[in-house]
Amino acid sequence: MELLGLKVGLYDLGEALLRGGILATGLSLLAAALRRRGMAKLLLDVAILGIFVASGILLYALITSDMRLLYVQSYTSKALPLFYKITAWWGGQAGSLLFWMFVLGTYALLSLRKEPHPILTATFSAVLMFFLITSTYAANPFERTLDPAPDGRGLNPLLQNIWMAVHPPTLYLGYVGMTVPFAYALLGIFAGFNEEVIRKIRVWLLTAWVMLSVGIVLGGRWAYLELGWGGYWAWDPVENASLIPWLTAAAAVHTFHLVRRGTHKMWFYNLTVASFLLSILGTFLTRSGLIESVHAFAFSDIGNYFLVFLGVGTVLWLLSVAYLLVSPRHRRMRSERVRYPPLSRGWFLDAANYVWLLLTLIVLAGTFSPLLTEMVVGTQITTKPEFFTYATAPFWTLVILAVAFSLLASWKGRPSSWGPVALAVAVAVGILPLIFGRNVWASVALTATLYPLLLLLGRMVRLGRRSLRDMALLSHLGVLITAVGIALSWNYSRSHEMAFKGREVKDFYAFQLQHLGWQEYDGPNYEAVFSVLDVKLLGWDLGEIKTERRRYFASGEVTTEPGILPLFPFGDLYVVMQGAEEDGTFYYDVRFVPGIQLVWLGPVLFFVAGLLVALGAARGRF
2 MELLGLKVGL
12 YDLGEALLRG
22 GILATGLSLL
32 AAALRRRGMA
42 KLLLDVAILG
52 IFVASGILLY
62 ALITSDMRLL
72 YVQSYTSKAL
82 PLFYKITAWW
92 GGQAGSLLFW
102 MFVLGTYALL
112 SLRKEPHPIL
122 TATFSAVLMF
132 FLITSTYAAN
142 PFERTLDPAP
152 DGRGLNPLLQ
162 NIWMAVHPPT
172 LYLGYVGMTV
182 PFAYALLGIF
192 AGFNEEVIRK
202 IRVWLLTAWV
212 MLSVGIVLGG
222 RWAYLELGWG
232 GYWAWDPVEN
242 ASLIPWLTAA
252 AAVHTFHLVR
262 RGTHKMWFYN
272 LTVASFLLSI
282 LGTFLTRSGL
292 IESVHAFAFS
302 DIGNYFLVFL
312 GVGTVLWLLS
322 VAYLLVSPRH
332 RRMRSERVRY
342 PPLSRGWFLD
352 AANYVWLLLT
362 LIVLAGTFSP
372 LLTEMVVGTQ
382 ITTKPEFFTY
392 ATAPFWTLVI
402 LAVAFSLLAS
412 WKGRPSSWGP
422 VALAVAVAVG
432 ILPLIFGRNV
442 WASVALTATL
452 YPLLLLLGRM
462 VRLGRRSLRD
472 MALLSHLGVL
482 ITAVGIALSW
492 NYSRSHEMAF
502 KGREVKDFYA
512 FQLQHLGWQE
522 YDGPNYEAVF
532 SVLDVKLLGW
542 DLGEIKTERR
552 RYFASGEVTT
562 EPGILPLFPF
572 GDLYVVMQGA
582 EEDGTFYYDV
592 RFVPGIQLVW
602 LGPVLFFVAG
612 LLVALGAARG
622 RF
């Protein structure tokens, strides 16, 4: 009973800390308004400390499988491995909100460490207070159950994957990170948009954008390894929810080069604020359950809280824009429109801005169209992935070319002398697939991504070792490598359904596949059957592929684990077990995914170089 009393007391403490955080952040806002800098910062620190302690209490409950908490009962089981008990922290609605506040508190401590300006403190306090209110009254992680079950339901089997364990935290680092540049943008309104404020906006915006990029890629990696359809992006509404703020943040990051030349300051401000509000919009989309998605949480009234926050935020944004337009203090924000010479760096960056905006509007409209159709005709009409693919493809091509050319062009508009050679090679490579009967748009996509990649490689050859110190060049090289991988894997994958019995041998294009057999085994919280295929290419032994189907004890859910044989740098042989007959016949979906390694390798270069650019910007180097 003493241990039981301690546990109940702990959870009461966790709930009290969240409620106390609401009071602390509210008082912090008041102190900031009264210009009591030290007091405002202290009160915010108290709220953040409470969030950290509450997070530790929830982790304790998850690790010890205390089924008295409804959240623990809903997302863990006693047989769940310890690693996944920890990741259950962000596996459900209430826990992930607490994790969101944990990340936001960490960002606040880092950004206010040397500069606890009242405006910054007030911004973090206001955002944190909103999430504390939402967590306390709409998704309380410390809600107890009156009838504890002997065991929990377990974590969703699809989430029991190493990539899903790291995907949400990195995605949150991007989502939540948009709060910091937003706070500095508000600081600019009151303290002026001087070089230091603009530099801080850029540093934190770039950091959040890079982390959001990594989170999106890790989510794609999880989908590729876990969902069994051979792809990594399905234009699902929740996937789009992360892409929308990524697009505006990308535009803001690239606009900085124009801001340094005295133009586009208002554009830069609007993109920064929009990126923050769109990250909240994406969170609303994920958590409200209003639009059907395989990634979204169940329908919840929590969406109402986010709608109010978005409404207030949008009104304040519009008022701030009106103030900046008329205030004599901010005349420099209303910089004169400069016409950059055609084909110059500024011209390409300016053009890219409009393309980023068009992409944002297309994805935004397609994602929210089910809600609009429900309002008009009474039922949701889902936007098909083909709409997004065909509607955005031309603009992806344009923005890739525009950004790549901006790196190669001068501010005066001198063209690259290596351009004709790169174009000739890219066109030649792009035309080759037409000989084998692939469609013309696939060839255009391949050409459009190869051309700027070859241009950048040519630039690196001319620069020699100096190119290895140009982090902006290397980060964009990573993006272009990824783009080529997407063009190849998206347009040139081939698949076939195959059946094997016994040790049958069958051909899949140039591959020879032999079925070696199957076996059952028990995992820590599931039972499984796996089978093995031996793979040869034109007689050369390439190795074996193991694919399996699992049934989880807690939920009874059945999942498929694809088998993948990497054939670097050409692609993956991807095999999924679809089922089996009593007579020993096994059915598989077999596909070859060309260029897929480039989709995963390019972001590594982008991530490392991008963070080094952010670090250099923080030190005033870039």
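So the sequence shown is numbered by the working numbering: it starts at 2 and just counts up by one.
Here a beta-carbon is modelled for each residue, glycine too, at the ideal position from N, C-alpha and C.
Run of the alpha helix (DSSP H) containing residue i, from where it starts to where it stops
i: Trp442; result: Val441 to Leu464
i: Gly304; result: Ile303 to Val327
i: Arg288; result: Lys266 to Ser289
i: Met472; result: Met472 to Tyr493
i: Lys86; result: Leu83 to Thr88
i: Ala394; result: Pro386 to Leu409
Rounded Cβ spacing between residue i and residue j (contact assumed at less than 8 angstroms)
i: Ile52; j: Gly93; result: Incorrect: roughly 17 angstroms between the Cβ atoms, too far for contact.
i: Ser490; j: Val594; result: 5 angstroms
i: Val260; j: Trp318; result: Actually they are not in contact, since the Cβ atoms of Val260 and Trp318 sit about 19 angstroms apart, beyond 8 angstroms.
i: Leu129; j: Gly106; result: 7 angstroms
i: Leu228; j: Asn526; result: About 20 angstroms; that fails the 8 angstroms criterion.
i: Leu45; j: Ser126; result: 5 angstroms
i: Ala529; j: Arg551; result: 4 angstroms
i: Asp590; j: Glu498; result: 6 angstroms
i: Glu558; j: Pro158; result: 5 angstroms
i: Gly155; j: Ala555; result: 3 angstroms
Nearest-angstrom Cα separation, counted from residue j out to residue i
i: Ala253; j: Asp471; result: 20 angstroms
i: Pro563; j: Gln161; result: 14 angstroms
i: Leu599; j: Tyr85; result: 29 angstroms
i: Ile245; j: Phe132; result: 21 angstroms
i: Leu4; j: Leu360; result: In this prediction, Leu4 scores a pLDDT of 42, lower than 50, which makes its location untrustworthy; the coordinate-derived value is nonetheless stated afterwards. Taking the straight line joining both Cα atoms gives about 56 angstroms.
i: Pro342; j: Pro567; result: 47 angstroms
i: Thr146; j: Arg38; result: 42 angstroms
i: Ala89; j: Leu99; result: 12 angstroms
i: Asp542; j: Glu549; result: 22 angstroms
i: Leu475; j: Glu16; result: 47 angstroms
i: Tyr493; j: Gly232; result: 12 angstroms
i: Gly459; j: Gln74; result: 58 angstroms
i: Phe509; j: Glu545; result: 15 angstroms
i: Tyr138; j: Leu11; result: 19 angstroms
i: Met2; j: Tyr61; result: Note that Met2 has pLDDT 37, beneath the 50 cutoff, so the model's placement of it is unreliable and the number below is only indicative. Looking at the two C-alpha atoms, the distance is approximately 18 angstroms.
i: Val9; j: Arg114; result: Because Val9 sits at a pLDDT of 49, beneath the cut-off of 50, its placement in the model cannot be relied upon, and the point is left open.
i: Phe501; j: Tyr588; result: 7 angstroms
i: Gly518; j: Ala109; result: 55 angstroms
i: Met212; j: Trp205; result: 11 angstroms
i: Ser289; j: Leu372; result: 12 angstroms
i: Ala25; j: Leu606; result: 42 angstroms
i: Leu612; j: Ala209; result: 10 angstroms
i: Leu278; j: Thr315; result: 8 angstroms
i: Ala32; j: Ala41; result: 5 angstroms
i: Leu7; j: Gly57; result: Confidence in Leu7 is poor, its pLDDT being 46 and thus under 50, which makes the residue's placement unreliable; the coordinate value appears in the next sentence. The straight-line gap from Cα to Cα measures roughly 15 angstroms.
i: Arg466; j: Leu457; result: 14 angstroms
Top-ranked residue by Cα proximity to residue i, from the options
i: Leu325; options: Ala62, Met267 and Asp508; result: Met267
i: Ala392; options: Val356, Ser407, Leu373 and Ser411; result: Val356
i: Leu358; options: Phe269, Trp164, Val316 and Gly572; result: Phe269
i: Leu35; options: Ser66, Pro119 and Ile58; result: Pro119
i: Ala48; options: Gly10, Ala123, Arg203 and Phe285; result: Ala123
i: Ala403; options: Pro371, His255 and Asn305; result: His255
i: Thr450; options: Gly414, Trp412, Phe406 and Gly465; result: Phe406
i: Thr586; options: Val506, Val609, Gly27 and Gly603; result: Val506
i: Trp348; options: Thr384, Ala488, Leu408 and Gly312; result: Leu408
N- and C-terminal bounds of the beta strand (DSSP E) containing residue i
i: Phe587; result: Thr586 to Pro595
i: Glu375; result: Premise fails: Glu375 lies in the alpha helix (DSSP H), Arg346 to Val378, not in any beta strand (DSSP E).
i: Met578; result: Gly572 to Ala581
i: Ser507; result: Per the sequence presented here, residue 507 reads as Lys, with Ser not at that position. From DSSP, the beta strand (DSSP E) with Lys507 extends over Val506 to Phe509.
i: Lys547; result: Trp541 to Tyr553
i: Asp152; result: First-last for Asp152: undefined, no H or E at that position.
Residue burial classification, residue i (beta-carbon count within 10 angstroms, cutoff 16)
i: Met376; result: exposed
i: Arg330; result: exposed
i: Glu240; result: buried
i: Ile1; result: Since the displayed the chain opens at 2 and closes at 623, residue 1 lies outside it and no answer follows.
i: Ala150; result: exposed
i: Trp1; result: In the structure as shown, the chain starts at 2 and stops at 623, and residue 1 therefore has no counterpart that could be examined.
i: Asn195; result: exposed
i: Leu320; result: exposed
i: Ala511; result: exposed
i: Leu540; result: Reading the sequence as shown, one finds Gly at residue 540 and not Leu. Looking at its Cβ environment, which holds fewer than 16 other Cβ atoms inside 10 Å, Gly540 is exposed.
i: Trp101; result: buried
i: Arg222; result: buried
Residue i Cβ short of 6 angstroms to the ligand GDP heavy atom set
i: Thr107; result: Absence of the ligand GDP is noted for the structure shown, with no ligands found whatsoever.
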